[in-house]
Amino acid sequence: MPDDAGAYNRKSCPNCQRGRPSPPRWFCFSRPVPDGKSGGSSRAAVSPDWGGWRVNRWIVTGLLLALALGAGLRLPRLEERPLHTDESVHAYKFAGLWDRGEYRYDPDEYHGPSLYYVTLPFAWLSGAVNSDELREATLRLVPLVFGLALILLGALLADALGPPGTVAAGLLTAVSTAFVFFSRYYIHEMLLVFFTGLLGAALWRYTRRPARGWAALAGLALGLMHATKETFVLNLAAMAVAGLAVLALDPDRREAWYRLRASGRPGHLALGAGVALVVSVTFFTSFFQNAGGPLDSLRTYLSWLQRAGGASPHLHPWMFYFERLFWFHPADGPVFSELLIGILALIGAAAAFLPDRFPPFHRGLARFLTFYTVVLIGVYSVIGYKTPWCVLGFLHGLILLAGVGVAALWRWMRQPWLRGVFAALLLAAGAQLAAQARRANGAFSTDQRNPWVYAHTSKDLLRLVNRVLGIAHTHGDPARMEVNVLATGGDYWPLPWYLRRLKETRWADGIPADPFAPVVIASARLHASLDEKSDKRWISAGYYEHRPRVFLELFVELELWKRHLASLPPPRDDE
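Here this note's numbering is used: the first residue of the sequence shown is 579, the next is one more, and so on.
Next comes the structure, spelled out in structure tokens:
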């Protein structure tokens, strides 16, 4: 890369123009003006002031369209899919916080506290009095809002990605099947991805123009990352490696390192660190009610290291994420693929290292994104513990790199007709991704042929829940009707959430000495046979699929079952 280092930074860097120490030249985006080559028009020779944060109307319009498209794909039928086990566990823990003000961070399970506290405003606004009235859609609005906010977050990187890249990244985030699917999942992952993106964007803005506001925002994002999920350390490690790699590639790395240090201010660093610490401590102490929470947030890594090392049922080969992301085609199902994002990301990564004097994106940030994404992919591929939603961390990096790729291709295709063809092809490919996302969240929302469905609750379980609630209504005093749920190893979730209104529900590990209650739900693996053991005073009311190849059997006291059947409307002639 040609270097006019001293004059370049002094002329083009907004920090230098204000008498501030300039950051490394790979942080400067404005084009230098070669001496004697300005011609007669400064407008033709000088690019816009990329040092200032400018978001033009095309970027605003494009991101708002992406936001509308993302909302259209994420909002419909938000309650239709039954809760995944993980969703129901988090919902149940939130119910304890909302109803009784009880929450204590558990270092062995469940991840960080941010999800539950962030849910509180959504619950208050829903109009529900307590968790009994809370709808699943309200809970799922939490990750959905953060998923939509991630689309707009690209505006903070607009001067690095350029208008085509910024809009492309926003649109790809809006239609990505994985992002749409997990934006509707009440788990921590979408919050972690957003807070990670917010940290990166705040740091980027700080390098452009150091200010206390950006330092505080970076600290807020860092504290929320820590309070969200233990795997935030992987994102931080990838950021650190990427930053060092970009610095190492600079020909004048000593000067670059000096300028990077000089551009930061100790007061700003202290402010950011202080905000991060306050946010983290506030959440982990349950707003200063649990003094041991911060220490538990460190002890948690002992149990998580065991899982990462193989002490977990979620062990998968290294290509697990690649198969689901780029080409997932079950024998009797449709193809699911986000290969478009992968191809554009490869182009963006290559463009970041190609010799181009004036690239249409920020070269340093593009290289940073490349190293960050590659490191994160490598780490998640090596770790044996894999769950599908972990793909979101590096998929966001791929999408930003895809934006770089679009910016590079747009620059290389100078002829208007080529750009028209390119735009049409991108729109067609984006429409295909949108249709795929709609399919994944509609007909295939619980289908194993969907790459992002993972040990998911069957829709048949909702039929069981409705049956039990109907029987409770027949009972006359639903809140006092006793229900026994028998399963091994606590394998009965999400029933504790769905049966939360039945206060006399008991949960047993296996078959107890006295298993009988007016209603009994038993794992089919237990072969409970309560109808035979009771001399037919209890009747088997059928099997219901819990998850693929996992069934629950319903037993009901015979007289209660008769009253329930008598209360049902007569079947229609066409049934």
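Glycine is no exception: its CB is placed at the ideal position from the N, C-alpha and C atoms.
Return the chain-ordered list of same chain residues with a C-beta closer than 8 Å to the C-beta of L641, the five sequence neighbours on each side being excluded.
If the five residues before and after L641 are omitted, its C-beta is found closer than 8 Å to the C-beta atoms of I729, L730, G732, A733, T744, V745, G748, all from its own chain and listed in chain order.
request  = List the residues that DSSP assigns as beta-bridge partners of I1117.
outcome  = Beta bridge pairing from DSSP links I1117 with V1134.
*asked:* In whole angstroms, give me the CA-to-CA distance for T1052 and H1142.
replied: Here the alpha carbons of H1142 and T1052 stand approximately 6 Å from one another.
### Message
Whether or not the segment 1023-1030 and the segment 649-668 are in contact is what I'm after, with contact meaning three or more pairs of Cβ atoms, one per stretch, closer than 8 Å; do they touch?
### Response
With a cut-off of 8 Å, the segment 1023-1030 and the segment 649-668 count as touching, because enough Cβ pairs lie within range.
| field | Other residues of its chain near D1076: CB distance less than 7 Å, five sequence neighbours each side excluded | value | The residue you asked about is not Asp; residue 1076 is Tyr in the sequence shown. Around Y1076: V1043.
Given 8 Å as the limit, is there contact between the segment 952-959 and the segment 709-720, that is, 3 or more CB pairs closer than that?
-> No, the segment 952-959 does not touch the segment 709-720.
Residue interval of the alpha helix (DSSP H) (run including I1049):
Note, I1049: alpha helix (DSSP H), 1038-1053.
| field | Counterpart residues of D1087 in DSSP-defined beta bridges | value | D1087 is bridged to A1065.
Give me the DSSP bridge partner(s) of Y1122.
DSSP, once it has assigned bridges, lists L1130 as partnering Y1122.
Helix, strand or coil at A738 according to DSSP, with G and I counted as helix
Note: A738 maps to helix in three-state DSSP.
For K1111 and A1091, I'd like the C-alpha separation in whole angstroms. So the alpha carbons of these two residues sit roughly 12 Å apart.
Notebook entry, point to check: In the DSSP assignment, what are the bridge partners of I1099?
Noted result: For I1099, which the question treats as bridged, DSSP gives the partners V1063, L1132.
Margin query: Within the continuous alpha helix (DSSP H) that includes Q1010, where are the two ends?
Written below: The continuous alpha helix (DSSP H) containing Q1010 extends over residues 994-1018.
Kindly indicate which residue of R787, T755, Y784, M803 has the alpha-carbon position closest to the one of F772.
It is M803 whose Cα lies nearest to the Cα of F772.
Practice prompt. Ignore the nearest five residues each way along the sequence and tell me which others in G614's own chain have a CB closer than 6 Å to its CB.
Written response: Confidence is the limiting factor: at G614 the pLDDT is only 38, short of 50, which leaves the residue's position unreliable, though a coordinate-based value still follows. Listed in chain order, the non-local C-beta contacts of G614 below 6 Å within the same chain number zero, local neighbours out to five positions each way being set aside.
Note to self: Using only the alpha-carbon positions, how far apart do I925 and P721 sit?
What the structure shows: The C-alpha of P721 is placed about 30 Å away from the C-alpha of I925.
- request: State whether the segment 1128-1142 contacts the segment 1096-1105, with contact taken as three or more CB pairs (one from each stretch) at a distance under 8 Å.
  value: Because the criterion of three Cβ pairs below 8 Å is met, the segment 1128-1142 and the segment 1096-1105 touch.
Candidates G674, G981, F946, W782, of which the one nearest A701 by Cα
The residue with the shortest Cα to Cα distance from A701 is G674.
> With C-beta atoms as the reference, is V633 less than 8 Å away from A706?
Replying inline: No, the Cβ-Cβ distance between V633 and A706 is not below 8 Å.
- Item | L1138 versus L1073: straight-line alpha-carbon distance, rounded | Their Cα atoms are separated by approximately 21 Å.
Apply the 10 Å Cβ neighbour rule to L1146 and answer buried if 16 or more other Cβ atoms are within range, or exposed otherwise.
Label assigned to L1146: exposed.
*Given A1095, which residues of its chain have a CB within under 7 Å of its CB, disregarding the five upstream and five downstream residues?*
The answer, listed in chain order, is E1060, V1061, N1062.
Checklist entry - What's the call for Q1014, buried or exposed, on a 16-neighbour Cβ count within 10 Å? => result The residue in question, Q1014, is buried, as its Cβ has 16 or more Cβ neighbours within 10 Å.
field: Separation of K671 from Y681, as counted between CA atoms
entry: Counting only the Cα atoms, K671 lies some 7 Å from Y681.
Next item on the list: Go to V952, then tell me how far its alpha helix (DSSP H) extends in each direction, as first and last residue.
Entry: 941-960 is the extent of the alpha helix (DSSP H) around V952.
Practice item. Within the same chain, show all residues whose beta-carbon is closer than 6 Å to that of W676, passing over the 5 residues directly before and after it, in chain order. Key: Residues A701, S709 of the same chain have their beta carbon placed closer than 6 Å to that of W676, with the five preceding and five following residues left out of the count.
Given a cut-off of 8 Å on the beta-carbon distance, is the pair E901 and L1011 in contact? No; because the gap between Cβ atoms is not below 8 Å, this pair is not in contact.
| field | K807 - containing alpha helix (DSSP H), residue span | value | Per DSSP, K807 belongs to no alpha helix (DSSP H) and is neither H nor E.
Self-check item: Test item: CB-CB of S1167 and W1071 under 8 Å
Solution: There is no way to answer for residue 1167, as the model of the chain reaches only from 579 to 1153.
| query | Which stretch, first to last residue, makes up the alpha helix (DSSP H) that contains Y670? | reply | 663-678 is the extent of the alpha helix (DSSP H) around Y670.
Contact the segment 692-700 vs the segment 784-800: 3+ CB pairs below 8 Å:
No, the segment 692-700 does not touch the segment 784-800.
Whole-Å CB distance - A980 paired with A929, under 8 Å assumed: That belief does not hold up - the Cβ atoms of A980 and A929 are roughly 11 Å apart, past 8 Å.
ask   = Can the beta-carbon of G740 be found less than 8 Å from the beta-carbon of P938?
value = Contact flag set, yes.
Open item on the list: When you compare the segment 941-948 with the segment 748-763, are there three or more beta-carbon pairs, one atom per stretch, that lie closer than 8 Å?
Closed with: No: fewer than three Cβ pairs fall under 8 Å.
List the whole-angstrom C-beta distance separating G942 from V856, where the pair is believed to meet the contact cut-off of C-beta under 8 Å.
-> So it is not a contact: roughly 31 Å between Cβ atoms.
(message) Quick check on DSSP: helix, strand or coil for L1077?
(response) In this structure, L1077 counts as coil in the three-state DSSP scheme.
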